[in-house]
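**Q** Dropping a structure here in structure tokens format, bear with me for questions.
Residue numbers (my numbering): 2 to 124.
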């Protein structure tokens with residue numbers, strides 16, 4: 002599948018989440034690291050499809066569109082959406098959706114990446 006076909010607008014994502022069982026993982030994915038890819042792989046379980054909701058806001062290294070393209074390139078990810086503040090309301094009525102959030106862990110992984118880059122550059 003062309004990874005660009007995995008990226009959909011929020012209204013289309015909400016519609017697709019109404020069919021089948023899904024795990025939704027919201028996050029900045031900034032940057033997408035091997036650790037995050039492994040985490041997403043580990044969340045693909047029990048016949049559930051995996052959706053990544055790329056959140057906007059904050060100071061990010063990459064724009065949301067670039068982060069969405071990187072996440073969509075992962076084999077385990079079935080759907081990617083650039084989410085805004087209303088995404089929770091749009092999927093609230095779905096009993097088939099499990100949301101897995103880890104904002105503290107994601108912030109830690111991003112900080113570790115920045116530290117790694119700075120140390121490698123010797124600055």
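Cβ coordinates follow ideal geometry from the N, Cα and C atoms, glycine included.
1. Going straight from the alpha carbon of residue 20 to that of residue 123, what length do you get?
2. Is it the case that the stretch 2-16 contacts the stretch 34-49, given that we only count it when at least three CB pairs across the two stretches are under 8 Å?
3. If you follow the beta strand (DSSP E) that residue 84 is part of, which residue opens it and which one closes it?
4. In angstroms with no decimal places, state the Cα-to-Cα distance between residue 56 and residue 25.
5. State the start and end residues of the unbroken alpha helix (DSSP H) segment that holds residue 69.
6. So, using beta-carbon positions, are residue 41 and residue 3 closer together than 7 Å?
7. Just curious, the beta strand (DSSP E) that residue 43 is in, first and last residue?
8. In chain order, what residues of the same chain have a beta carbon less than 8 Å from the beta carbon of residue 61, not counting five sequence neighbours either side?
**A** Once the coordinates are examined:
1. 50 Å
2. no
3. 80-84
4. 12 Å
5. 65-73
6. no
7. Where residue 43 is concerned, there is no enclosing beta strand (DSSP E), although the alpha helix (DSSP H) it sits in stretches over 35-44.
8. 29, 31 and 68
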